[in-house]
Amino acid sequence: MEKVLTKDVQADHSALDIKRYELAGGYQGVRKALKMAPNDVVEVVKQSGLRGRGGAGFPTGLKWSFVPRGANAPHPKYLCCNADEMEPGTFKDRLLMEETPHQLIEGMICAAYAIEADVAYIFLRGEYFLSAERLRKALAEAYEHNYLGKNILGSGYNLEMHLHLSGGRYMCGEETGLLNALEGKRANPRTKPPFPQISGLFGKPTIVQNVETLCNVHHIIKNGPDWFKGLSKSEDGGTKLYGASGKVKRPGVWELPMGTTIREILEEHAGGMKEGLKFRGLLPGGASTDFLVEEHLDLKMDFTEVQKAGSRMGTGTMIVMDDRTCPVGFVKNLEHFFAQESCGWCTPCWSGLSWAENMLQSIEGGQGQESDLDRLAFICRMAAPGNTFCALAPGAVEPLQSALNYFREDFERHIHEKRCPWR
Amino acid sequence: MLSAEERREIEAEFEHYPDKRALTIDAMKIVQKHRGWVSDEALKDISELLGVSVSELDSVATFYNLIFRKPVGRHVIMVCDSISCWTMGYDRVRDHLMNRLGVKMGETTPDGRFTLLPIVCLGTCDHAPAMLVDEDLHRDLDPEKIDSILEQYK
Ligand SMILES: Cc1cc2nc3c(=O)[nH]c(=O)nc-3n(C[C@H](O)[C@H](O)[C@H](O)COP(=O)(O)O)c2cc1C
Ligand code: SF4
Ligand code: FES
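Chains as they are written, first to last, in our numbering: chain A, 1 to 423; chain B, 424 to 577.
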């Protein structure tokens with residue numbers, strides 16, 4: 001299997017400095033892109049079928065094509081790398097930033113060139129100290145070698161790139177919340193339209209893109225769209241960083257062809273469940289995705305197939321639940337997170353999620369009532385897409401609604417036995 | 424008063440943004456790096472430097488988890504309480520820390536050595552349970568390991 005994003009990962013987990021990165025073929029993508037017209041870069045990425053790796057899977061090239069380009073476009077234009085990675089159970093972008101910082105910078109330069117951006121920001125989680133240190137060093141090296149700054153490699157293209165460390169809040173990862181945070185405000189989301197591609201950061205055209213998405217860009221430019229599609233086992237092109245955490249034998253993260261089956265990830269790479277434990281279910285791509293169970297294990301992990309099964313691939317890092325873990329406690333932990341991180345803008349979210357958390361707490365403690373299950377289902381309906389300002393609340397109820405479906409008996413046992421059967 | 428160094432560090436960020444009001448979070452984090460937390464007085468000084476009202480700064484400060492508006496201990500422990508760490512034994516880790524330090528979540532030890540706080544997923548779920556002490560990530564925690572980690576922070 002061809003490794004693309006992790007090919008430069010070292011056994012000792014150090015990051016390549018710019019000299020070694022160049023020797024390994026680094027910055028060839030930038031050199032090639034700068035000789036192309038920006039529009040052609042957009043076209044190549046469009047043809048590759050690259051879809052956003054931050055969770056929603058929006059086609060990347062298509063998003064870029066909405067940015068006004070050419071002589072009459074407003075400036076400065078911005079590219080923002082979404083490196084906020086706060087989705088519980090997600091641990092893939094950190095690896096790319098710590099171990100391949102130049103790869104991210106190279107991908108960002110190509111993306112910025114495509115949309116003719118003047119300034120790029122890396123919006124980094126404040127707790128990612130090692131990523132910050134390595135990105136700072138890599139940025140300084142890239143400036144020294146004129147991959148950043150004025151007149152990059154004599155092309156006439158100018159790009160400044162800065163690192164911003166977040167103040168810390170899940171909402172900073174939401175596209176427009178991120179823009180508000182970068183402007184020094186609370187990370188509440190913005191009304192759309194206008195879309196950020198037209199009016200984003202400081203009111204200027206802006207693209208926000210996930211770390212892993214950006215890390216793919218220069219590889220596509222270097223090797224072409226057909227190569228990228230050929231890496232994959234499914235309709236969605238490329239490789240994917242998949243992960244597994246929870247009580248599996250070998251938790252970790254692996255770069256595999258897009259469309260690898262859940263079973264292969266779980267059994268071959270993660271080594272199956274720990275001794276004596278049975279598989280009950282998993283969240284395929286972070287806390288805000290619906291549960292999948294045994295019957296889904298042969299699904300391909302890609303955007304289309306997982307969606308057909310009523311869930312989402314999300315970030316592709318799955319959280320595994322075993323038979324000795326209480327599903328009610330599991331979901332309560334998730335809803336506690338979402339209730340805490342709600343920005344407080346819309347009622348189904350701030351009120352609904354904390355209500356759900358309280359009910360789950362009382363069910364777990366043996367004080368739940370049968371009618372609580374209907375009330376939980378009601379909250380799930382209230383927080384559905386379209387009823388709230390951003391995707392936090394709809395995401396928050398995905399694990400809850402699917403748990404009520406797949407693990408209903410476990411909820412009912414808590415209510416009837418008036419205690420947690422797992423304690 | 425902002426120290427000369429704090430002021431210099433904040434002003435060095437000015438050129439990265441088209442509007443210095445964008446620097447609220449960076450400025451508060453710079454002050455916090457030097458003093459451990461952000462006092463009312465510091466808010467007033469930042470307000471003057473950036474041209475953002477104190478109440479606006481405070482509303483920004485309280486929105487974000489990593490900005491402390493109250494004094495904290497010399498070392499801040501942030502224990503991940505999110506799903507994978509919870510599955511892998513967060514309760515045990517939390518209880519052990521509370522016992523060893525004699526404080527509850529959100530409190531500071533009487534000698535001012537540690538503040539204990541919860542934090543959301545630290546992005547190292549394959550090595551759960553995990554915690555941050557100051558800027559250091561500690562993973563695959565168990566009670567013995569926690570004891571030897573605490574020894575490293577005086
Ligand atoms: C509450 C919330 C948090 C999010 N957090 C992140 C994040 O940490 N990283 C990320 O890349 N996308 C995150 N997203 C998705 C972004 O809004 C956006 O879709 C993504 O950054 C676009 O990049 P992509 O197309 O490259 O995936 C979040 C969305 C929501 C609603
Ligand atoms: S859904 Fe929640 S997080 Fe999103 S805007 Fe509404 S209250 Fe805020
Ligand atoms: S859940 Fe604790 S590090 Fe991810």
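Heads up, the beta-carbon is just placed ideally off N, CA and C, and yes, glycines get one too.
Bear in mind that the values here come from a model prediction, so they are computed numbers and not experimental data.
Per-residue burial, residue i [other beta carbons within 10 Å of its own, 16 or more giving buried]
i	result
D504/B	buried
Y143/A	exposed
T191/A	exposed
M511/B	buried
Q575/B	exposed
A427/B	exposed
F378/A	exposed
Q307/A	exposed
P189/A	buried
R94/A	buried
T538/B	buried
A384/A	exposed
T239/A	buried
R134/A	buried
P193/A	exposed
S371/A	exposed
N151/A	exposed
P494/B	exposed
N82/A	buried
N405/A	exposed
P399/A	buried
R433/A	Beyond the ends of chain A as shown, which are 1 and 423, falls residue 433/A; an answer cannot be given.
Any non-hydrogen atom of ligand 3 closer than 7 Å to residue i Cβ
i	result
A33/A	no
A142/A	no
L545/B	yes
G89/A	yes
A551/B	yes
S507/B	yes
C326/A	no
C343/A	no
Ligand 2 heavy atom lying under 7 Å from the CB of residue i
i	result
F389/A	yes
C346/A	yes
C172/A	no
P189/A	yes
L95/A	no
A393/A	yes
Distance between beta carbons of residue j and residue i, contact taken as under 8 Å
i	j	result
S48/A	P225/A	4 Å
Y157/A	Y121/A	Contact flag wrong, Cβ pair sits at about 18 Å.
F338/A	L353/A	5 Å
A132/A	H102/A	In fact, because the Cβ distance is near 15 Å, the residues do not count as touching under 8 Å.
L241/A	G316/A	6 Å
F91/A	V253/A	6 Å
C326/A	A187/A	Wrong, their Cβ atoms sit about 32 Å apart, outside the cutoff.
T60/A	T213/A	6 Å
G167/A	K452/B	7 Å
D118/A	P76/A	4 Å
I319/A	G246/A	6 Å
Cβ-heavy atom distance, residue i to ligand 1, below 7 Å
i	result
D302/A	no
T213/A	yes
T289/A	no
A56/A	yes
Q340/A	no
V516/B	no
T60/A	yes
E127/A	no
Beta-ladder partner(s) of residue i, from DSSP
i	result
N210/A	N82/A
M273/A	V248/A
T261/A	K300/A
F279/A	D322/A
V499/B	T538/B
V253/A	G243/A
L292/A	L282/A
Proximity test, residue i beta-carbon vs ligand 4 heavy atom, cut-off 7 Å
i	result
S199/A	Ligands in the displayed structure: ligand 1, ligand 2 and ligand 3; ligand 4 is not one of them.
Cβ of residue i within 8 Å of any chain E Cβ
i	result
T531/B	Note that chain E does not occur in the displayed structure, where the protein chains are A and B.
Restricting to runs no shorter than 4 residues, where is the alpha helix (DSSP H) found entirely within the stretch 305 to 335 of chain A? none
Report the residue ranges of all alpha helix (DSSP H) runs contained in full by the stretch 8 to 78 of chain A; include only those spanning at least 4 residues, in chain order. 18 to 23, 28 to 34, 38 to 48, 60 to 65
Hey, which unbroken runs of the beta strand (DSSP E) at 3 residues or more fall wholly within the stretch 91 to 157 of chain A? 119 to 124
What are the uninterrupted segments assigned as alpha helix (DSSP H) that are 4 or more residues long and contained completely in the stretch 510 to 562 of chain B, given in chain order? 513 to 524
Starting from the N-terminal side, write out each stretch of the alpha helix (DSSP H) that is 4 residues or longer and does not extend beyond the stretch 344 to 370 of chain A. 347 to 364
Which whole runs of the alpha helix (DSSP H) in the stretch 160 to 207 of chain A are 4 residues long or more, in chain order? Fully enclosed alpha helix (DSSP H) runs of 4 or longer: 175 to 182.
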